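Visitor: Numbering (our numbering), first residue to last: 774 to 992.
Sending over a structure as structure tokens; questions will come in a sec.
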Amino acid sequence: MMNILINGVQAVLFDLDGVIVDSEPLHVKALDLTCRHFGFELLPEDIVRFKGVTEKQAARYFFNGSEQAASKIEEFIAFKSRLYTKSIVQELELIEGAVDFINFCRASGWRIGLTTSALPENVESVLQKFQLATCFEAIVSGGEVTHSKPHPEPYLKTAKKLNIAPRHCLVIEDSINGVRSGKSAGCRVIGITTTFAADELHAAGADLVVNSFADIRPS
774 MMNILINGVQ AVLFDLDGVI VDSEPLHVKA LDLTCRHFGF ELLPEDIVRF KGVTEKQAAR
834 YFFNGSEQAA SKIEEFIAFK SRLYTKSIVQ ELELIEGAVD FINFCRASGW RIGLTTSALP
894 ENVESVLQKF QLATCFEAIV SGGEVTHSKP HPEPYLKTAK KLNIAPRHCL VIEDSINGVR
954 SGKSAGCRVI GITTTFAADE LHAAGADLVV NSFADIRPS
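Structure follows, in structure tokens:
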């Protein structure tokens, strides 16, 4: 299946959170502290609800109906971003096998892109910490698109930056919204079960679902 999937691939487009870095626990911790600061309670069902969504979408949920919603949402996002950026330096770790697979893709002659809903400053902090900035020829972050995942715009924009047709792009995603975004853009998509279960990623449209990067080396 893997050999069939990569036939004709010219570029591999990676998500960041949950694909390259194990950021989910840090996002939850930062969100919980932010909610407390603003007088909200982060419930277990909220954690599930916010997987794979943008910072703004999460903030809007808490301030829905507030007269000062717009300004409060920006304050909420900025507060959480500061907490998360601090945790990047101190606690963030790579997903096992991610960097090796990126290097494998580069050695195979594939172009490499990064397509993430993360804030630009957080993307920069992550790439700087792990010295990955030079690995990506094209980067599209949450601040560069009008429509976030699951809309196809993020992956369409990354493919356009690389000047490669989406049908020749292979996407690596961990979220339902990310898989849907890649598929609706016309890309091939591999789902990795770091955040969602295999059946959920299959249902979202992933062409192949794996448990780790060790499972997606072609034979």
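Heads up, the beta-carbon is just placed ideally off N, CA and C, and yes, glycines get one too.
From a predicted model like this one, the values you see are computed outputs, not experimental measurements.
(1) Tell me which residue opens and which closes the alpha helix (DSSP H) that residue 908 is part of.
(2) Just the C-alpha distance for residue 987 and residue 974, rounded to the nearest angstrom, thanks.
(3) Closer than 8 Å, CB to CB, is residue 898 near chain D or not?
(4) When the Cα atoms are used, what is the spatial distance from residue 843 to residue 829?
(5) Bridge partners of residue 877, per DSSP?
(6) Are there 16 or more other CB atoms within 10 angstroms of the CB of residue 1056, so buried, or fewer, so exposed?
(7) Could you check if residue 946 is buried or exposed, using at least 16 other CB atoms within 10 Å of its CB as the buried criterion?
(8) For residue 777, count the other beta carbons within 10 Å of its own beta carbon; 16 or more makes it buried, fewer makes it exposed. Which is it?
(9) Does the stretch 880–889 touch the stretch 930–938, meaning 3 or more C-beta pairs lie closer than 8 Å?
(10) Using 8 Å as the threshold, is the C-beta distance between residue 957 and residue 827 below it?
(11) If you run the structure through DSSP and keep just helix, strand and coil, what is residue 953?
(12) Rounded to whole angstroms, what's the CA-CA distance from residue 978 to residue 852? Just pull it up for me.
Guide: According to the data block:
(1) Against the sequence shown, residue 908 aligns to sequence position 135. It is not in any alpha helix (DSSP H) - residue 908 carries neither H nor E in the DSSP assignment.
(2) Position 214 of the sequence shown, counted from the start, is the residue given in the question as residue 987. Position 201 of the sequence shown, counted from the start, is the residue given in the question as residue 974. Going from the Cα of residue 987 to the Cα of residue 974 covers about 18 Å.
(3) The structure shown contains no chain D, having only a single protein chain.
(4) By 1-based counting over the sequence shown, the position of residue 843 is 70. By 1-based counting over the sequence shown, the position of residue 829 is 56. Going from the Cα of residue 843 to the Cα of residue 829 covers about 10 Å.
(5) For this step, residue 877 is matched to residue 104 along the sequence shown. Partner(s): none; residue 877 has no beta bridge.
(6) Given that the chain is displayed from residue 774 to residue 992, the structure contains no residue 1056 and the question cannot be resolved.
(7) Residue numbering aside, residue 946 sits at position 173 when the sequence shown is read from its first letter. Classification of residue 946: buried, given that the 10 Å Cβ count is 16 or more.
(8) Taking the sequence shown and counting its residues from 1, one reaches residue 777 at position 4. Looking at its Cβ environment, which holds fewer than 16 other Cβ atoms inside 10 Å, residue 777 is exposed.
(9) yes
(10) To locate residue 957, count along the sequence shown from 1; it is residue 184. To locate residue 827, count along the sequence shown from 1; it is residue 54. Against a cut-off of 8 Å, the Cβ pair of residue 827 and residue 957 comes out as no contact.
(11) In the sequence shown, residue 953 corresponds to position 180, counting from 1. Note: residue 953 maps to helix in three-state DSSP.
(12) Here the question's residue 978 lines up with position 205 in the sequence shown. Here the question's residue 852 lines up with position 79 in the sequence shown. Distance between the alpha carbons of residue 978 and residue 852 is about 35 Å.
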